[in-house]
Amino acid sequence: MTTNSKSPAEIASEAALAKLYKAIDDNQCFRLEAGAGAGKTYSLIKVLQYLIDKKETSFLRKNQKIACITYTNTAKEEIEDRVDNNPIIYADTIHAFSWSFLSGFQKSIREFIPSISKKWESRIKEAGGLNNQVVKYDLGYPKATDSEILLHHDDVIKIMVHLLSKEKFKSLLTDRFPIILIDEYQDTNTDLADSIISQLIDSNYDIMIGLFGDHWQKIYGSNACGLIENERISEIGKNANFRSEKNIVHALNRMRPDLSQNEKDPDSEGEITIFHTNNFTGTRRAGGHWNGDLPIESSKTSIQQVKQLLTENDWEFDFENTKILMLTNNVLAEEQGYINLASVFRDSDDYLKMNDHYIKFFIDVLEPVCRAFENKKYGEMFSALNSNTPKLTNQNDKSIWNSNLNQLIEVRKSGTIGEVLALLKTSAQPRLSPKVEERESKFARIKLLEEVPEEEKSFISKIEKLKDINYQDVINLFEYINKNTPFSTKHGIKGKEFNNVLIIAGRGWNHYNWDQFLTWHNTAIPSGKQSTYERNRNLFYVCCSRPKKRLAILFTQELSLNALKTLSNWFGSDNLYSLSY
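Structure follows, in structure tokens:
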């Protein structure tokens with residue numbers, strides 16, 4: 000490829016931009032479907048810059064703004080920086096954006112709150128009913144008194160959905176924000192996405208909605224909407240991949256022919272190696288979500304064998320060059336140092352995907368706060384707390400905060416989970432999440448009873464076991480999740496790239512079965528199993544699309560002939576190898 004010519008990826012990127020600009024010129028709602036490595040953020044920034052050039056003068060005159068809704072605060076800050084903090088661009092997370100507009104509708108919000116849930120109905124009743132309280136949304140801790148009502152994160156979305164059905168609200172919203180762009184649209188709450196379609200896109204209001212994302216990269220949360228389709232939405236595919244070398248891009252295209260991509264460098268190659276363990280002659284594991292997988296020791300041996308083979312092929316297993324992604328739970332807990340923590344939970348998703356509220360608080364909030372504090376990265380610390388402006392009004396406040404966090408760091412290194420929780424209940428720095436507070440209150444309430452009710456015995460037993468475990472297990476779990484799974488905090492590995500990626504695909508998670516997924520792809524998806532298929536497909540695609548140069552996959556579970564056929568079709572039969580035993 001000559002230095003003066005444009006790459007296939009650049010040509011495809013420019014074609015997508017031209018379609019985006021035309022949609023904007025036609026005031027047409029649109030969806031940019033940008034697969035892995037396509038440069039979605041680049042397209043979003045170019046669209047914002049195009050809109051600034053077209054709309055800045057009129058929007059400033061009319062006091063209007065373009066809303067750019069992001070998934071994280073980090074993305075928000077990047078967008079603000081890339082558009083030089085232009086005054087007509089309002090970039091923020093969906094909760095912050097929603098509340099910035101909702102907060103002016105105090106009466107409507109107050110009247111709706113009791114109908115959100117039975118808990119809110121009870122809170123309002125205990126506060127003496129509705130009495131012109133000021134409704135606030137700060138750190139997301141639900142509470143009602145006779146003077147104020149504090150909302151939880153989820154409540155803000157429910158209120159937004161409710162008020163979007165009100166004509167006056169819609170009229171004011173669309174007048175203030177005639178253009179709304181949504182980044183990572185596939186992760187939008189389903190109810191909110193449905194409301195945006197029915198109340199805004201399908202309405203006669205003069206509003207343009209632009210969606211940026213990839214429904215094949217929806218790997219978080221059962222409440223996320225995934226693909227958004229509507230006859231009023233112009234669908235624009237970005238057929239570029241600026242990340243991976245040619246052979247990997249072509250494999251992704253065979254996996255996903257309806258959004259084929261063009262590589263950046265046609266002269267590049269890219270290596271793919273797929274290992275399976277069908278020649279294993281011993282007894283495989285049986286029962287539950289382990290069925291068909293290798294025994295633990297055999298899994299360890301197989302992983303070491305693959306690493307040795309790849310090392311002989313010039314792989315370097317260091318942090319800078321290679322990422323190992325574990326799509327299995329068969330060799331992990333003991334080896335990674337969180338076996339006691341894992342033993343508390345029946346479902347590995349509770350701790351690996353942070354479905355348990357205690358684990359979610361520890362991994363999403365407590366550990367990032369402690370690590371940022373130790374590294375003196377205070378902006379990151381308060382971002383993890385969901386508050387960029389802590390109420391440290393004087394030197395004494397700062398000293399107390401400093402002292403409490405230093406104490407917390409020491410306790411978490413040597414104490415139990417129970418001791419860490421006890422300290423946090425005293426210091427509230429950081430404050431326990433609403434869900435953990437709720438469970439702690441319930442636990443304390445039941446423990447005061449002379450006898451634990453039969454229906455609460457399993458709850459009490461689980462919390463007691465959890466509290467007895469050394470907090471070091473949580474630290475080890477945090478390290479593992481962020482190092483070796485696609486579910487690391489703050490959107491994990493989505494958007495990240497590495498020279499080499501080794502995927503270990505096995506059993507142990509009840510929501511993932513790679514042999515089943517690959518078999519279905521080559522036969523038929525059973526009725527009622529589309530969402531199961533897509534959940535497996537999306538995670539597999541996200542992981543396979545991370546490497547720049549080399550991709551290797553080891554399947555520790557036995558694969559059917561149809562599954563092997565799928566792998567041959569996607570990756571080439573010459574790249575499939577059976578390990579020897």
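Numbering follows numbering that gives the first Met the number 0, with no gaps: position 217 of the sequence shown is 216.
Backbone N, C-alpha and C fix where the C-beta goes; we use that ideal spot for every residue, glycine too.
Source: prediction; values computed, not measured.
Exercise for the section: Return helix, strand or coil for N339, following the three-state DSSP convention. Expected result: Residue state, collapsed to three classes: helix.
Handout entry: Status (buried if at least 16 other CB within 10 Å, exposed otherwise) for D145
Key = Exposed, by the Cβ-count rule.
Problem - Selected residue, minimal CA-CA separation from S194, among L163, D182, H214 and Q529 - result: Of the listed residues, the one whose Cα sits closest to S194 is L163.
Practice task
Sort G287, L251, K375 and I88 by Cα distance to L180 and report the nearest one.
Solution key: Nearest of G287, L251, K375 and I88 to L180, Cα basis: I88.
Problem - H490, DSSP secondary structure in three states - result: Unreliable positioning characterises H490 in this predicted model, as indicated by a pLDDT of 39, which lies under 50. A coordinate reading is not provided.
Problem - the region 540-556 touching the region 309-328, judged by at least three CB pairs closer than 8 Å - result: Judged by Cβ distances under 8 Å, the region 540-556 makes contact with the region 309-328, as three or more pairs qualify.
Practice task
Starting from the Cα of T327, find the closest Cα among R506, M353, I524 and A223 and give me that residue.
Solution key: Of the candidates R506, M353, I524 and A223, the one whose C-alpha sits nearest the C-alpha of T327 is R506.
Handout entry: Euclidean distance between Cα positions of A114 and R122
Key = Per the sequence presented here, residue 114 reads as Ser, with Ala not at that position. Computed Cα separation, rounded: 11 Å.
Exercise for the section: Give a yes or no on contact between the region 348-359 and the region 428-443, applying the rule of three or more CB pairs nearer than 8 Å. Expected result: Short answer: they touch.
Practice task
Verify whether the separation of the beta carbon atoms of R217 and A37 is less than 8 Å.
Solution key: The identity of residue 217 in the sequence shown is Lys, whereas the question assumes Arg. No. Outside cutoff.
Practice task
Could you check if Q260 is buried or exposed, using at least 16 other CB atoms within 10 Å of its CB as the buried criterion?
Solution key: Looking at its Cβ environment, which holds 16 or more other Cβ atoms inside 10 Å, Q260 is buried.
Exercise for the section: Please report how far the alpha carbon of S233 lies from the alpha carbon of F176, in whole angstroms. Expected result: Straight-line Cα distance between these residues: approximately 20 Å.
Practice task
Return helix, strand or coil for N444, following the three-state DSSP convention.
Solution key: With the sequence shown as reference, residue 444 is identified as Arg, and Asn is not the correct amino acid for it. Three-state result, R444: helix.
Practice task
Report all residues from its chain with a CB closer than 8 Å to the CB of S426; omit the five preceding and five following residues, and keep chain order.
Solution key: Here the set comprises N403, Q406 and L407.
Handout entry: Which of helix, strand or coil DSSP assigns to K237
Key = Reduced to three states, the DSSP call for K237 is strand.
Handout entry: Sequence ranges, alpha helix (DSSP H) only - wholly within the region 381-435, length at least 4
Key = Listed in chain order, they are 394-413 and 416-426.
Exercise for the section: Hey, could you find the ends of the alpha helix (DSSP H) Y540 is sitting in? Expected result: Residues Q529 to C543.
Practice task
Would you mind giving the Cβ-Cβ distance between A504 and F570, rounded to the nearest angstrom? I have them listed as a contact below 8 Å.
Solution key: Not confirmed; about 13 Å, so no contact.
Problem - Member of L501, D514, T522 and I524 whose CA lies at the smallest distance from the CA of V541 - result: Cα-wise, what sits closest to V541 is L501.
Handout entry: the region 205-221 in contact with the region 246-253 per 3-pair CB rule at 8 Å
Key = Counting Cβ pairs under 8 Å, fewer than three are found: no touch.
Handout entry: Which of helix, strand or coil DSSP assigns to Q132
Key = Look at Q132 here: in three-state DSSP terms it is coil, with no helix or strand label.
Problem - Rounded separation between G103 and G286 - CA only - result: Distance from the CA of G103 to the CA of G286, rounded to the nearest whole angstrom, comes to 55 Å.
Problem - Cβ pair count under 8 Å reaching 3, the region 411-423 against the region 462-481 - result: Between the region 411-423 and the region 462-481, the count of C-beta pairs closer than 8 Å reaches three or more; the two stretches touch.
Exercise for the section: Provide the residue span of the alpha helix (DSSP H) that contains V46, from first to last. Expected result: Going by DSSP, V46 is part of the alpha helix (DSSP H) stretching over K39 to K61.
Practice task
Inspect the CB distances between the region 19-32 and the region 522-534 and report whether three or more fall short of 8 Å.
Solution key: Contact fails: fewer than three Cβ-Cβ distances are below 8 Å.
Problem - Residue range of the unbroken beta strand (DSSP E) whose run includes T71 - result: First-last for T71: undefined, no H or E at that position.
Problem - Local Cβ density within 10 Å of D205, reported as buried at 16 or more and exposed below that - result: With fewer than 16 other CB atoms across the displayed protein chains lying within 10 angstroms of its CB, D205 is exposed.
Handout entry: Residues near Y580 by beta carbon distance below 7 Å, same chain, minus five either side
Key = Listed in chain order, the non-local C-beta contacts of Y580 below 7 Å within the same chain comprise N278, F279 and T280, local neighbours out to five positions each way being set aside.
Handout entry: Beta-carbon proximity list for F344, same chain, < 6 Å, skipping 5 on both sides
Key = Answer for F344: Y350, listed in chain order.
Practice task
Quickly, what does DSSP pair N469 with across the bridge? List them, please.
Solution key: Per DSSP, T415.
Handout entry: In DSSP terms, what Y89 is bridged to
Key = In the DSSP assignment, Y89 is bridged to A66.
Practice task
Rank F211, K157, Q198 and S197 by C-alpha distance to the C-alpha of K183 and give the top, closest one.
Solution key: A quick correction: the sequence has Glu, not Lys, at residue 183. Looking at F211, K157, Q198 and S197, the one whose alpha-carbon comes closest to that of E183 is F211.
Exercise for the section: Quick one: grab the DSSP three-state call for L171. Expected result: Helix at L171.
Problem - Pick from L199, F168 and S221 that is closest to T187, judged by C-alpha positions - result: Cα-wise, what sits closest to T187 is S221.
Practice task
Could you work out which residue in N203, E79 and D174 is closest to L59 when comparing CA atoms only?
Solution key: Nearest of N203, E79 and D174 to L59, Cα basis: D174.
Exercise for the section: To the nearest angstrom, report how far apart G417 and S440 are at their CA atoms. Expected result: CA-CA distance, G417 to S440, rounds to 14 Å.
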